[in-house]
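Enquirer: This is the structure I want to talk about, given as structure tokens.
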Amino acid sequence: MKHTLLLALCLLFLSSTTLAQFTGPSASGEASTVEQARQARIGTYVTLTGNIVAQQREDYYRFRDQTGEIRVEIETPVWRNRKIGPDTKVRLVAEVDRNAAGTRYLWVESLELVE
């Protein structure tokens, strides 16, 4: 009896984890835009394709796509020693964040060159 109950509980827990899956935007391959990132909740991850058009200071840059511009923070390790200019198309995976003044920006986790 104890073994049957234990087996049933194990199967119950295992079946719930096999049904779990991520259903957010990047799971379906849908890309976001700057306009959508401006409206997204803080902490949301977005995937954007466009150009890094200017450095503002230190790790902060301006990113532009077809819908507008937004400030992005790209730390040194994310660059991976690549030379990227304003004409280079890139894909960013970033988290929507807000500074102390309430201004939204994107904290970039990964940067890929788009061919």
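Residue numbers (the working numbering): 1 to 115.
A virtual CB, placed ideally from N, CA and C, is assigned to each residue, including glycine.
With C-beta atoms as the reference, is ARG64 less than 8 Å away from GLY50?
Expert: Going by C-beta atoms, ARG64 is nearer than 8 Å to GLY50.
Enquirer: Under the rule that 16 or more other beta-carbon atoms within 10 Å means buried, what is SER110, buried or exposed?
Expert: It counts as exposed.
Enquirer: Per DSSP, GLU112 forms a beta bridge with which residues?
Expert: Its beta-bridge partners are ARG91.
Enquirer: Taking 8 Å as the cut-off, decide whether the C-beta atoms of ARG41 and VAL90 are in contact.
Expert: No; because the gap between Cβ atoms is not below 8 Å, this pair is not in contact.
Enquirer: Between which two residues does the alpha helix (DSSP H) holding THR76 run?
Expert: Per DSSP, THR76 belongs to the alpha helix (DSSP H) from 76-79.
Enquirer: Can you tell me whether GLN55 is helix, strand or coil according to DSSP?
Expert: Of the three classes helix, strand and coil, the one that applies to GLN55 here is strand, per DSSP.
Enquirer: Need the endpoints of the alpha helix (DSSP H) that ARG38 sits in, please.
Expert: That run of the alpha helix (DSSP H) goes 34-39.
Enquirer: Among the candidates ILE84, GLN56 and ARG80, whose CA atom is the shortest distance from the CA of GLU69?
Expert: Considering only alpha carbons, the answer is GLN56.
Enquirer: So ASP87 and GLU75 are in contact, right, with Cβ under 8 Å, and what is the actual spacing, rounded?
Expert: Wrong, their Cβ atoms sit about 23 Å apart, outside the cutoff.
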